[in-house]
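Heads up: the sequence shown begins at 17 in this note's numbering, then just goes up one per residue. For every residue, glycine included, the Cβ atom is placed at its ideal position computed from N, Cα and C. These notes are about the structure you will find just below.
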Amino acid sequence: MDYKCFIPSFSKSKLADSFDLTSKLSQLLNIDSEKKLKEVIGVVDHVVMEMIGQRRREMTTTTTGLNKSDLLSKFIRFIKDDKAKDISN
């Protein structure tokens, strides 16, 4: 494709450099997709932390919480065991 047919005064490298600069500026200024991505990651992080907190409360207050064998419960038990090993060393 000949880029000169769209913008005769721009060479391919000037056009490519312009796109690169626009992308870098949007990242630095936190606009468009970068800003939206950070917002979405923040929401996911918040929801996951709420789930972990809820499961920890279940595990400390009920016997059924201790007996769960789902992935989240296993990770929480693993972390507790790993911290206990660090303390004993």
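For residue j and residue i, the rounded distance between their alpha carbons
i     : j     : result
LYS90 : VAL64 : 15 Å
SER39 : GLY58 : 22 Å
LYS30 : ARG71 : 55 Å
ILE46 : VAL56 : Going by the sequence as given, residue 46 is Asn instead of Ile. The straight-line gap from Cα to Cα measures roughly 14 Å.
LEU44 : LEU88 : 36 Å
GLY14 : ASP36 : Since the first residue shown for the chain is 17 and the last is 105, residue 14 is missing from the structure and cannot be characterised.
LEU82 : ASP61 : 24 Å
Per-residue burial, residue i [other beta carbons within 10 Å of its own, 16 or more giving buried]
i     : result
MET67 : exposed
ASP86 : exposed
Where the alpha helix (DSSP H) through residue i begins and ends
i     : result
ASP61 : 49-77
Distance CB(residue i)-CB(residue j) smaller than 9 Å
i     : j     : result
ILE92 : MET75 : yes
SER42 : ASP48 : yes
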